[in-house]
Amino acid sequence: MKPLGPIPAGYAAVDGVLAIGGQPVTHWAEQAGKTPFFVYSANHVRQRVAELRAAMPKRLSLHYAVKANPFPPLLSLMTELVEGFDIASGGELEIVRGAGVPLDAVSFAGPGKRDVELEAAISAGITLNLESEGEAARAIAIAEKLGATPRLAVRVNPDFDLKGSGMKMGGGAKPFGVDVERVPALVRTIRQSGAEWRGFHIFAGSQALDAEAIADTQAQSLALAARLAQESDAPLPQCNLGGGLGIPYFPGDTPVDLKLVGDKLAARFADLPDVLADTAFCIELGRYLVGEAGVYLARVVDRKESHGEVFLITDGGLHHQLAASGNFGTVVRRNYPSAIATRFDTPVEEEASIVGCLCTPLDKLADKGGFPRADVGDLVAVFCAGAYGASASPASFLGQGPAAEMLV
Ligand SMILES: *Cc1c(COP(=O)(O)O)cnc(C)c1O
């Protein structure tokens, strides 16, 4: 048997069936009217935000990185919980607009912003995290044409990365951000243009579980922000310290020690250089806020044996949950946390692989895991499905159609 990832805290059985938001998933399957579907738990998200608020210094604002999960009801919930939103495209701009997110709380990062996207963002009063000198020049020219004052920040390509992060976003040659030594000149250009100068965005990596590494990166980011503000001879209204907090997906992963991160950041905040005395700080998080709040549910449509191995064949698959199949940026495939949702309190009885309905051997949700004996009609749950699930999977592949989504 191969181990499964750890099921996140907060999930229990009611009458033997996995419950979310106090109701068994069989209830949510009826509400969805079809399988597969994603359920996102509002309470789970609220609790996660409360834990962060309790651990982090008051001075630190929270932003939500929309690309983790842009489901509109979830965004509406987030407007009650966080101070800002980070988007990465004109498409996400329209989604946050539609969900009623206040646009002056939105910032826009991401390489390759088209002129039409810059125009829409400037018109909406969104802060642009500029990724290059070329993008800055286009933004300034577009604002002039519109007769608008653009709100401009610089995304810095830091000269360090987040150790142990699943995705390195800084350090060395990158398509993201402006290299450190070129930042002061760009800041001067922006301020001379008459734009509203907003500050720095420093994002060094993602999906880290090591609290010491996260704290080190935050300390390095603060030092870099101070140095660049001084060299640019500019005040620093805002500094986005990036994110990086990960969640346990795989066997052996353990949650981030939030208290350690919060205590170390509080100590840094208590000892800031003068140039950062009036700076507003934020972090931007995606998966940490919503990842564990989501569960993907699919129904077993066939049970078969081949060469002595059991396959539970479901109506779901990698077209909805690409990451769980191991095809979204992992080197070695390991099992996400998963379970037979309709037999949630039954002990392990057999080894089985949970697969999807696509005609590819890549379509595997759990490889040789230990499960209770499941049959046609049972529901399987894949956890940690609240981030990079529905919107980060090839839903059109093989014509199976999208999964339903619900916030409960
Ligand atoms: C993707 C991304 C995030 C969110 O990353 P998570 O790992 O989901 O927290 C935050 N900021 C930027 C700039 C990103 O590209």
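When we follow the numbering used here, the leftmost residue of the sequence shown carries the number 1, and every step to the right adds one. Even for Gly, the Cβ is constructed at its ideal location relative to N, Cα and C. As the structure is a computational prediction, the values presented were derived from the model and not from experiment.
Around the C-beta of residue i, are 16 or more other C-beta atoms found within 10 angstroms, so that it is buried, or is it exposed?
{"i": "Val101", "result": "buried"}
{"i": "Ala19", "result": "buried"}
{"i": "Met1", "result": "exposed"}
{"i": "Thr330", "result": "exposed"}
{"i": "Glu350", "result": "exposed"}
{"i": "Glu305", "result": "exposed"}
{"i": "Cys359", "result": "exposed"}
{"i": "Gln31", "result": "exposed"}
{"i": "Gly10", "result": "exposed"}
{"i": "Asp378", "result": "buried"}
{"i": "Lys113", "result": "buried"}
{"i": "Asp274", "result": "exposed"}
{"i": "Gln218", "result": "buried"}
May I ask whether a heavy atom of ligand 1 can be found less than 8 Å away from the beta carbon of residue i?
{"i": "Arg206", "result": "Reading off the sequence shown, one finds Ser at residue 206, where the question assumed Arg. Checking the Cβ of Ser206 against ligand 1 gives yes."}
{"i": "Gly91", "result": "no"}
{"i": "Phe203", "result": "yes"}
{"i": "Lys163", "result": "no"}
{"i": "Leu209", "result": "no"}
{"i": "Tyr40", "result": "no"}
{"i": "Arg114", "result": "no"}
{"i": "Glu133", "result": "no"}
{"i": "Asp86", "result": "yes"}
{"i": "Ala68", "result": "yes"}
{"i": "Gly389", "result": "no"}
{"i": "Ala109", "result": "yes"}
{"i": "Tyr249", "result": "no"}
{"i": "Glu284", "result": "yes"}
Quick one: what does DSSP say residue i is sitting in, helix, strand or coil?
{"i": "Ile354", "result": "strand"}
{"i": "Pro72", "result": "helix"}
{"i": "Tyr388", "result": "coil"}
{"i": "Phe397", "result": "helix"}
{"i": "Val106", "result": "strand"}
{"i": "Thr476", "result": "The structure shown does not extend to residue 476, since the chain is modelled only from 1 to 408, so the question has no answer here."}
{"i": "Glu83", "result": "coil"}
{"i": "Leu297", "result": "strand"}
{"i": "Phe269", "result": "helix"}
{"i": "Arg114", "result": "coil"}
{"i": "Met1", "result": "coil"}
{"i": "Gly262", "result": "helix"}
{"i": "Ala173", "result": "coil"}
{"i": "Ser206", "result": "strand"}
Name, in chain order, the residues that DSSP records as bridge partners for residue i.
{"i": "Lys58", "result": "Answer by DSSP bridge pairing: none, since Lys58 is not bridged."}
{"i": "Gln238", "result": "Gly199 and Ala280"}
{"i": "Asp179", "result": "Asn157"}
{"i": "Glu349", "result": "Paired residue(s): none; Glu349 is not in a bridge."}
{"i": "Thr127", "result": "Ser107 and Arg151"}
{"i": "Ile340", "result": "Val380"}
{"i": "Lys145", "result": "None; Lys145 has no bridge partner."}
{"i": "Arg303", "result": "Leu312"}
{"i": "Met406", "result": "Val39"}
{"i": "Tyr64", "result": "Phe85 and Leu285"}
Do residue i and ligand 2 come close, with the Cβ less than 8 Å from some heavy atom?
{"i": "Asp216", "result": "Looking for ligand 2 in the displayed structure turns up nothing; the ligands present are ligand 1."}
4-residue-minimum alpha helix (DSSP H) runs that sit fully inside the segment 11-45, ordered along the chain
Fully enclosed alpha helix (DSSP H) runs of 4 or longer: 25-32.
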